[in-house]
Amino acid sequence: MQALKERILTEGRYLGGGILKVDSFVNHQVDPALMMACGEELARRFAATQPDKVFTAEISGIAPALATAYYLRVPLIFARKHRPVTMPGQIFLTLTPSHTKGREVELMVSPEYLHAGDRVLIIDDFLASGETILGLVRLVEAAQAQVVGIGALIEKTFEQGRQKLASLGVPIESLAQIAALSESGIRFADEE
489 MQALKERILT EGRYLGGGIL KVDSFVNHQV DPALMMACGE ELARRFAATQ
539 PDKVFTAEIS GIAPALATAY YLRVPLIFAR KHRPVTMPGQ IFLTLTPSHT
589 KGREVELMVS PEYLHAGDRV LIIDDFLASG ETILGLVRLV EAAQAQVVGI
639 GALIEKTFEQ GRQKLASLGV PIESLAQIAA LSESGIRFAD EE
């Protein structure tokens, strides 16, 4: 998606260690118009999978997932990283490594909102190593629901996450695929 790629090139910053900072339009400050355009495109790409829920991890995945859910006209659920007092005693819980936090984080979701038989579309801000998305997949499977697709705003193809997810046998889409990321610049996969 050209608008997203342009923002990555103009505002994205490489922080080293494979980390791309997009805080000015995705992760800290959100550009609503860009997120709605991204959500509309992801909804178009996944409409045929007929999801009845969109699922993501808090907090950075919420903006693109909400926009996607809006255009699909389905609810958004997000896995929490901290348990609120309003969450019931029995929950679905998994641990997953976080590249940006440098440690494992808990992902949890209430069985009140993720049910057996749900058709779940996973949307996140990044597809990198695939570990966060695999954590979300484990939560969907624990609920005896079905993952019908996986989407991301930005994919770092050099981290091989797509290959880890391929065995799921569902469509995987990303709006901007980064093939190389360094101090000298960002190179998109479609430029190779």
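The sequence shown begins at 489 in the numbering used here and counts up by one.
Just so you know, even glycine gets a beta-carbon here, dropped at the ideal spot from N, CA and C.
- Between the alpha carbons of Thr584 and Ala551 lies a distance of about 21 Å.
- Leu602: not part of any beta strand (DSSP E); DSSP gives it neither H nor E.
- Around the C-beta of Ile547, fewer than 16 other C-beta atoms lie within 10 Å, and the residue is accordingly described as exposed.
- Given a length threshold of 4 residues, each whole run of the alpha helix (DSSP H) inside the region 524-587 is given here in chain order: 550-560.
- If you draw a straight line from the Cα of Leu595 to the Cα of Ser586, it is about 11 Å long.
- Residue burial annotation: Ser662 is buried, with at least 16 other C-beta atoms found within 10 angstroms of its C-beta.
- Under the three-state reduction of DSSP, Asp678 is assigned to helix.
- In terms of Cβ geometry, Phe513 and Leu522 form a close pair [threshold 8 Å].
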